[in-house]
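S.K.: Below you will find the structure I want to go over with you.
Residue numbers (the working numbering): 4 to 310.
As structure tokens, this is what we get:
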């Protein structure tokens, strides 16, 4: 994917396509790529990562915000901000410099977290490899939607709520051993075999009135094949400046009293609260559960609690 000979292939780059048809030019271009990507060239992790970290330190006081670094807390500014297509500019694992170098040579890159399909007759299953020591899984995405956000060191992931014959894109997101650097695998396309059908949810919106969080209807789930999915609904709270995680609690009705100090302690109320509402779906195959998010954090609408 990081092969410069293929960048933009199929897109509007007629000049490069025509020039690469000339054998002499293509060979010279490859020789120059080898030169700039050599281990002793400037394009290497040791030099370039330090340059990006220096730029980050210079820009962070002016650019850091939940809008600009994709919901990574200012308290824990992560490498996710600096990753084009899942490759890291500042973390050794998945670093873009080695990715480019090995792609130019046509060799297997040993420094990239990879996921591969595992044969499965009743859903989707993937296995991860090339994991750095101390790595923890943070999230698993299916077609860009979170299906698991339990921190774990598991290397194999199974999900049954898919439709047979349908194509899905799977991405696994990791935390390094300091739990601050976020790295993503490249998307893996899988055609589902079997499965319980895609999850179907009811429409849920929310309002706040008199310190009460009110959902338009209680969240429900089913699939095209199964209407009795076993799940529980939770709401998770965080301060709107991302400085503190407040906690989560079970949702048993469509109304939640935010004035209850057991839900939102007084010390968190002045900064505004953001939340997400999700279903924790029973997983009968292991100790982890599957997730389905109904309402994601909305930083543009922090909840204000009147004292």
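Glycine included, every Cβ here is placed at the ideal spot set by N, Cα and C. Note that the coordinates shown come from a computational prediction; the quantities given were computed from them, not determined experimentally.
Determine the direct distance from the alpha carbon of residue 147 to that of residue 170, and round the result to whole angstroms.
M.R.: One C-alpha to the other measures close to 13 Å.
S.K.: Within its chain, find whatever has a CB closer than 7 Å to the CB of residue 210; leave out the 5 residues flanking it on each side and keep chain order.
M.R.: Cβ within range, chain order: 217.
S.K.: For residue 60, tell me which candidate among 266, 30, 231, 93 has the shortest Cα-Cα distance.
M.R.: 93
S.K.: Please classify residue 215: is it buried, with 16 or more other beta-carbons within 10 angstroms of its beta-carbon, or exposed?
M.R.: exposed
S.K.: Between the Cα of residue 221 and those of 112, 199, 208, spot the shortest distance and give me the residue it belongs to.
M.R.: 208
S.K.: Kindly list the residues whose CB is nearer than 7 Å to the CB of residue 41, restricted to its own chain and excluding five residues on each side of it in sequence; keep chain order.
M.R.: none
S.K.: How about residue 164 and residue 226: are their beta carbons less than 8 Å apart?
M.R.: yes
S.K.: Considering only C-alpha positions, which residue in the set 162, 251, 193, 158 is nearest to residue 126?
M.R.: 162
S.K.: Pull up the distance between the alpha-carbon of residue 228 and that of residue 206, whole angstroms please.
M.R.: Rounded to whole angstroms, the separation of the alpha carbons of residue 206 and residue 228 is 20 Å.
S.K.: Please list, in chain order, all residues of the same chain as residue 262 whose beta carbon is under 7 Å from its beta carbon, the five residues on each side excluded.
M.R.: Cβ neighbours of residue 262 within its own chain (closer than 7 Å, five residues either side excluded): 214, 308.
S.K.: What residue ranges within the stretch 183–258 form continuous beta strand (DSSP E) runs of no fewer than 3 residues, ordered along the chain?
M.R.: 185–187, 191–194, 202–204, 209–212, 215–218, 224–226, 234–242, 248–254
S.K.: Please classify residue 198 as buried or exposed, where buried requires at least 16 neighbouring CB atoms within 10 angstroms.
M.R.: buried
S.K.: When the Cα of residue 140 is compared with those of 129, 154, 128, 149, which residue comes out closest?
M.R.: Minimum Cα-Cα distance from residue 140 among the listed residues 129, 154, 128, 149 corresponds to 154.
S.K.: Specify the secondary structure class of residue 18 as computed by DSSP and reduced to three states.
M.R.: helix
S.K.: Considering only C-alpha positions, which residue in the set 302, 16, 281, 306 is nearest to residue 149?
M.R.: 281
S.K.: I'd like to know whether the C-beta atoms of residue 132 and residue 121 end up nearer to each other than 8 Å.
M.R.: no
S.K.: Going by the DSSP bridge assignment, what does residue 149 pair with across the sheet?
M.R.: 144
S.K.: In angstroms, rounded to a whole number, what distance separates the CA positions of residue 45 and residue 223?
M.R.: 55 Å
S.K.: In angstroms with no decimal places, state the Cα-to-Cα distance between residue 219 and residue 201.
M.R.: 23 Å
S.K.: In angstroms, rounded to a whole number, what distance separates the CA positions of residue 292 and residue 275?
M.R.: 29 Å
S.K.: Does any residue of chain D bring its CB to less than 8 Å from the CB of residue 151?
M.R.: You won't find chain D in this structure, because it holds only one protein chain.
S.K.: Rank 16, 237, 36 by C-alpha distance to the C-alpha of residue 257 and give the top, closest one.
M.R.: 237
S.K.: Along the beta strand (DSSP E) that carries residue 177, what are the first and last residues, could you check?
M.R.: 170–178
S.K.: Assuming residue 297 and residue 240 form a contact by the criterion Cβ under 8 Å, report the distance between their Cβ atoms to the nearest whole angstrom.
M.R.: Not quite, the Cβ-Cβ distance comes to about 15 Å (not below 8 Å), so this is no contact.
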